[in-house]
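Worksheet for the structure shown next.
Okay, structure coming up:
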């Protein structure tokens, strides 16, 4: 069990090795971690989590670790240590990267946790819920095993419903149309549980007179292998959607509101695949911002009178660089938009990142770690929480119930669609 | 060359070779990635090595100001001490006034080092994270700082300074002091990451 994990350590990425060598165990990062802030357990501090990996690194990759292990705390990898590593890397970390941004030295604890997870992948120790999603995506092209016929039927029903509710027979949710400018790729949870966000995006595309299409196959923007840090499976899952986009001949792949989906496709996929892509990858958030700024979509903030706040998904904002577009849109779409504190790249993780929503064994800790976010939301006095990430939405829905926040959790597209002035009424 | 200078020179060569070997052991970091950049890597790196050191740039620094500032002073004293140590091997004479000016900095750095060690040993969370290496590394640096301050005030202490420096250099490749060569790489990568993604820089 330990040998494959040690193999990962042997072929270590130099970036991660530099981080492991640079940590001086100052522990100044502790308060940057939402898990530590909530439970106060020294084992939850980022430095402690890094140290679990660093002690193995020293043991197997340094001379002093082999000869005088007691000096630096170097230790052998045993099945017990692997269990401890799993608990730290999956149970106490969402890989949100807030500690990385705030590390006084300038190392990357999140990348070190990524190494721990990669070792756990090799050892077959990934939480079953995460692994099941990886397997589903590899086998069927999406993590919820939704067959293409069901996708087409759902979209057809949503299109019909949209036409009836708007009274506009020209509104459409085009599927599998080659040669369009934009491919809009979905999170499978939207098809199963959040169809309103698809309809909202459809309305906005329609208002912008966009040339776009959805796809009934390989549509999935989520990538649980990215969470698991299983680089091989991650590449295979990303490749499916990217090849579909190439086959459809689009100019732009637009990623629906999903933080890790955006990061794994926009930033990580070209790296794990080792090639530049023939089309641009943007978040729907960025596209909507373009539409609003360019006058292709007109919004009336008066249509959303309730106080709105914004939760920043870590993978979209701190690790994705999409920081201001969602704010520009919200200022046009909501009458009373207030920020949480801290916000933007400094925002706290909601607690549901890193695949934790699929790891039921850590559910209690995940909800407890979300208390910080719940309190942030409560302090704003907002009635609506917008977040451009379906993963965060799932966690915030649970926090809403658990902490009795009494708020509505919505995507940016949904709020923008409510503020939309129909094209024939605009200007 | 005196015996202590010879020992120091040998230690310097051993440390430099060992640290260079350790650095090359992790391999080279690949250049710009395949994903189209949103921001500037070089701007991110510039930020990492300038403004990111300001106490208010990072929550970890601003929230632990005394510790962070003690760390900065400690390292400033350490760099000054190492520079002065190397100079003892060169055929140059340092003006007395310069040594007298250096002594207070070394003294304050020593106090900071001891303060950081005290914090490490008395704070439960920090103590739980600590290894013998943390104490040894700190004490060796403190010893070198103390002897450097002594040598700055009284040239007769110079051989002791050279031997303390040699001891520190020989130990450096064994434990956490290795961060002196890896920190530059990590910090550069940190800046590249946030610069490329348009988050910093």
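Protein chains in written order, with this note's numbering: chain A, 1440 to 1866; chain B, 34 to 234.
Idealized CB from N, CA, C, for every residue including glycine.
- Counted as a single uninterrupted DSSP element, the beta strand (DSSP E) harbouring residue 1847 of chain A occupies residues 1847-1849.
- When CB distances to chain A are screened at a threshold of 7 Å, the residues of the segment 208-220 of chain B falling below it are 208, 209, 211, 212, 215, 216, 218, 219, 220, in chain order.
- Identification of chain B residues near residue 1511 of chain A by a Cβ-Cβ cut-off of 7 Å yields 164, 166, 208, ordered along the chain.
- Each residue's CA atom was taken as its position, placing residue 1590 of chain A and residue 1658 of chain A some 9 Å apart.
- Taking 7 Å as the CB threshold, residue 67 of chain B lines the interface with chain A.
- Taking a 10 Å sphere around the C-beta of residue 46 of chain B, we find fewer than 16 other C-beta atoms and assign the residue as exposed.
- Annotated as proximal: residue 1561 of chain A and residue 1447 of chain A, with beta-carbon spacing under 7 Å.
- By the CB criterion at 7 Å, residue 1687 of chain A and residue 1622 of chain A fall inside the cutoff.
- Residue 1723 of chain A sits buried, since 16 or more C-beta atoms from the chains shown fall within 10 Å of its C-beta.
- Under the Cβ distance rule, residue 97 of chain B counts among the residues neighbouring chain A, one pair being separated by less than 7 Å.
- A straight-line Cα-Cα distance of about 21 Å links residue 1778 of chain A and residue 231 of chain B.
- Rounded to whole angstroms, residue 1695 of chain A and residue 1661 of chain A show a C-alpha spacing of 10 Å.
- For the pair residue 1731 of chain A and residue 1693 of chain A, the CB atoms are not nearer than the 7 Å cut-off.
- Sequence-distant Cβ neighbours of residue 91 of chain B in its own chain, meaning closer than 8 Å and more than five residues away, are 85.
- If you draw a 10 Å sphere on the C-beta of residue 112 of chain B, you find fewer than 16 other C-beta atoms in it, and that means exposed.
- Here DSSP, grouped into helix, strand and coil, assigns residue 1748 of chain A to strand.
- Interface annotation, residue 1503 of chain A: in contact with chain B, CB-CB separation under 7 Å.
- According to the DSSP assignment, residue 1776 of chain A belongs to the beta strand (DSSP E) that extends over 1775-1777.
- Residue 1499 of chain A has its alpha-carbon roughly 43 Å from the corresponding atom of residue 1826 of chain A.
- Taken through DSSP and simplified to helix, strand or coil, residue 1547 of chain A comes out as coil.
- Distance from the CA of residue 1592 of chain A to the CA of residue 1535 of chain A, rounded to the nearest whole angstrom, comes to 36 Å.
- Boundaries of the alpha helix (DSSP H) around residue 1636 of chain A: 1634-1646.
- The contact set of residue 72 of chain B on chain A, defined by CB atoms closer than 8 Å, consists of 1760 in chain order.
- For the segment 1460-1480 of chain A, the beta-carbon criterion of a distance under 8 Å to any beta-carbon of chain B is satisfied by 1460, 1461, 1462, 1463, 1464, 1465, 1466, 1467, 1468, 1469, 1470, 1471.
- For residue 1483 of chain A, no Cβ of chain B is located within less than 7 Å of the residue's own Cβ.
- Residue 93 of chain B has a beta carbon lying within less than 7 Å of a beta carbon in chain A.
- Interface annotation, residue 223 of chain B: in contact with chain A, CB-CB separation under 7 Å.
- Going by C-alpha positions, residue 199 of chain B is about 39 Å away from residue 1441 of chain A.
- If the five residues before and after residue 214 of chain B are omitted, its C-beta is found closer than 6 Å to the C-beta atoms of 52, 56, all from its own chain and listed in chain order.
- Contact with chain A is absent for residue 78 of chain B, since none of that chain's Cβ atoms lies less than 7 Å from the residue's Cβ.
- In the structure shown, residue 1823 of chain A falls within a strand segment according to DSSP collapsed to helix, strand and coil.
- Against chain B, the CB of residue 1690 of chain A has no partner CB under 7 Å away; the residue lies outside that interface.
- Taking all protein chains in view, the Cβ of residue 1841 of chain A is surrounded by fewer than 16 other Cβ atoms within 10 Å, so the residue is classified as exposed.
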